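>
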Amino acid sequence: MGKNTNRVTAAGLVIALGIIYGDIGTSPLYVFNEIIVGRLIDERLIIGALSCIIWTLTLQTTIKYVWLVLQADNRGEGGTFALYALVRRQRRWLVIPAMLGGAALLADGIITPPISITAAVEGLRELPAFRHLGETDNSIVIIVIGILTAFFFLQQFGSASIGKLFGPIMFIWFTMLAILGIYHISDDLSIFKALSPHYAIEFLAKYPGGYWLLGAVFLCTTGGEALYSDLGHCGRGNIRVSWVYVKSCLLLNYFGQGAFLLAIRKGLTITPGIKNQLGVNAFYDLMPQWFIIPGVVIATVAAIIASQAMISGSFTLISEAMRLNLWPKLRIRYPSEEKGQLYIPGIALMLFIGCLGMVLYFRESSRMGAAYGLAIIVTMFTTTILFANFLIAKRVNQILIWIFLIAFFIIETAYFIALMQKFAHGGYITMLVGGFMFSIMYVWFRSRRIKNRYVEFVRLEHYIPQIQELSNDRSVPKYATHLVYLTSANNPKEIEHKIIYSILNKKPKRSDIYWFVHVDTLDDPYTCEYKVDHIIPNDIIRVEFRLGFRVEPKINLMFRKVVADLVA
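Here is the structure:
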């Protein structure tokens, strides 16, 4: 039975705020700053860009993810690999977009913590005492590296103990966004013209370089994929209801930033020199001077929560990839008994080194935007492809499927082309990281396929008499009371030749009972069942575990339970 994903509860809404919206919720820290850098502040720029933000959040996040993609739950679970598991038996080539999406999400895990935390800490430049912190000063970089180091060090202990605070903290964050925005909307009420898509279209068509600013605008929806990836944690109903509040807070803040820029910064060209000299920051300018330090603290904590969600998602993603044979086996630790709490030391180290490299290379959040956006747009492309195949499997009207595909391919291609303008300015780093991750997945997947092709299987029935004879032969020293072999044979009547060779040849291994254990990974996320086949009672036993791709494969503990059940 699948979960009731449509159920809405107060606890579920708070959990959704803490788990899902950290990434998209911290975007007001840097979106408008990305848009205005190097530009003359005027009505065409601010209203046109704000209109693009409004309709990006509406089309990409609300319509595509909240309304449509959330329908594709795999027994209540969502995400790239959960969606792939639903459709992989239809077309074998769908493994490619699944791997591309997974690789892009891992690349996103390397850029999300640096850009979010850096953008939050940069608020210190609003204080007179820190106004001198420009590009050549290392203070911001040192603070960010310190936060990242502590953040990754604490990963090994898990986040279960403090995870309950994430929801209330993010509620404070979103409420603060709304209040700051509402306070400044009256600075220039003409900002409401941005609600009309006419200004977005005019901005893209007529404003000099307006189309290329789509790359900066796209950053407002970078957390959209998380709405789907964390479906299993919160449920469809809680996500949809909480999104109404989150989107309202985001839009109010963007409106406030736009109104303030038109009222106070109009006619000013935001060069890097002017930006540092005047401390121009579209987000922190909304705060009164006395609130800057509390605001920076709240923003930094929100950025850390956003980073935690991304890192936890990366661990889950790798765990799923290993279960689906798309990633090499790595050691997984479980810091607590709470569901979903896992820690993969090798991946944590890789992400930590990647995050430090991003901070040291880019130094400022405004320079990280190109690398950030490219990772997400690739993931959104792959979700579009996989979801279209899900619709085909559900026998949805083909005309509707083509409308979905064409509409979102046009939209996402437009963003992709705009983001590629900054390829040479840092976008290539995302492509390199994502390409490296994809290469690991593809090589592992292909090598496993090739290896399985050359595994020699034999009929077990041909060797049963010899195994029985060995088990009862007292002249052969006993090797073990219970001898357990893991077998990849899907057919219960077959076994690998190398296992037979290990038992019978050279130094025969005599045992009271021979166990052949097979693990079958299912497309269903949380199935956990087993079947015992007494091939020869009290001599040869085959145990088949049928586990969902999100079940922690603790085979040692599961096998002990099987033995205990048989003895009972």
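According to the numbering used here, the residues represented by the sequence shown are 2 to 569, in order. In this text, a Cβ means the ideal position worked out from N, Cα and C, and glycines have one as well. Just so you know, these numbers come straight off a predicted model, no measurement behind them.
Between which two residues does the alpha helix (DSSP H) harbouring A227 extend?
First-last of the alpha helix (DSSP H) with A227: 225-230.
> In three-state terms, what does DSSP make of V397?
coil
> If contacts are defined as beta-carbon pairs under 8 Å, then V32 and A217 qualify, I think. What distance do you get, rounded to the angstrom?
7 Å
> So which of L190, L279, L196 has the shortest CA-CA distance to F261?
L190
> Can you tell me the Cβ-Cβ gap for P493 and N75, rounded? I've got them flagged as a contact below 8 Å.
Rounded, the Cβ-Cβ distance is 27 Å, inconsistent with contact.
> With a cut-off of 8 Å, does the C-beta of I37 fall near any C-beta of chain C?
Of the chains in the structure shown, none is chain C; there is only one protein chain.
> Could you tell me the distance, in whole angstroms, from the CA atom of N453 to the CA atom of G159?
36 Å
> Taking 7 Å as the cut-off, is the CB of E413 close to at least one heavy atom of the ligand SAH?
This structure lacks the ligand SAH; in fact it carries no ligand of any kind.
> Measure the Cβ-Cβ separation of F256 and G211 and say whether it is below 8 Å.
no
> Where does E612 land, buried or exposed, given buried means 16+ other C-beta within 10 angstroms?
The chain is shown from 2 up to 569; residue 612 falls before or after that span and cannot be answered.
> Determine the extent of the beta strand (DSSP E) in which W516 is found, giving its start and end residues.
From DSSP, the beta strand (DSSP E) with W516 extends over 511-523.
> Can you give me the C-alpha to C-alpha distance between P169 and L14, rounded to a whole angstrom?
10 Å
> Taking the CB atoms as reference points, tell me whether I47 and L220 lie closer together than 8 Å.
no
> Which class does F550 belong to by DSSP, given the choice of helix, strand or coil?
Correct three-state label for F550: coil.
> What residues in its chain sit with their C-beta under 6 Å from that of T380, if we drop five residues either side in the sequence?
Around T380: G102, A105, L106, E226.
> For F458, which of helix, strand or coil comes out of DSSP?
strand
> Check whether the Cβ atoms of W174 and I299 lie closer than 8 Å to each other.
In this structure, W174 places its C-beta atom within 8 Å of the C-beta atom of I299.
> If distances are taken between C-alpha atoms only, which option among I496, Y429, M442 comes closest to R460?
I496
> Kindly indicate the opening and closing residues of the alpha helix (DSSP H) around V533.
Per DSSP, V533 belongs to no alpha helix (DSSP H); it is in the beta strand (DSSP E), 529-537.
> Looking at the strands, I want to know which residues DSSP matches up with N75.
E78
> Please report the residue range of the beta strand (DSSP E) in which Y200 lies.
Looking at the DSSP string, Y200 is not in any beta strand (DSSP E); the run it does join, the alpha helix (DSSP H), is 198-207.
> For the beta strand (DSSP E) that I333 lies in, which residues bound it at each end?
Looking at the DSSP string, I333 is not in any beta strand (DSSP E), and its letter there is neither H nor E.
> When burial is assigned at 16 or more other CB atoms within 10 Å of the CB, is V360 buried or exposed?
Burial call: buried.
> With a CB to CB cut of under 8 Å and the five nearest residues on each side skipped, what residues in its chain are close to V122?
I141, I144, V145, I148, V297, T301
> Report the residue from R561, F409, L471 whose alpha carbon sits nearest the alpha carbon of T57.
F409
> Our contact map puts A389 next to F405 with C-beta atoms below 8 Å; I'd like the distance itself, whole angstroms only.
6 Å
> By Cβ distance below 6 Å, which residues in the same chain neighbour L269 in space, the five residues on each side in sequence not counted?
I42
> Three-state secondary structure (DSSP) at G3?
Because G3 sits at a pLDDT of 48, beneath the cut-off of 50, its placement in the model cannot be relied upon, and the point is left open.
> Closest to L205 by C-alpha separation, out of G427, R45, P478, would be which residue?
R45
> According to DSSP, is E365 part of a helix, a strand, or is it coil?
coil
> So the candidates are W516, N326, R241; which of them puts its Cα closest to the Cα of N7?
R241
> Within its chain, find whatever has a CB closer than 6 Å to the CB of A120; leave out the 5 residues flanking it on each side and keep chain order.
Answer for A120: L30, Y31, S366, listed in chain order.
> Run through DSSP, which three-state label would V544 get?
strand
> Cα separation between I306 and R447?
36 Å
> Which of helix, strand or coil does DSSP assign to Y429?
helix
> Measure the CB-CB distance between R547 and L523 and report whether it falls below 8 Å.
yes
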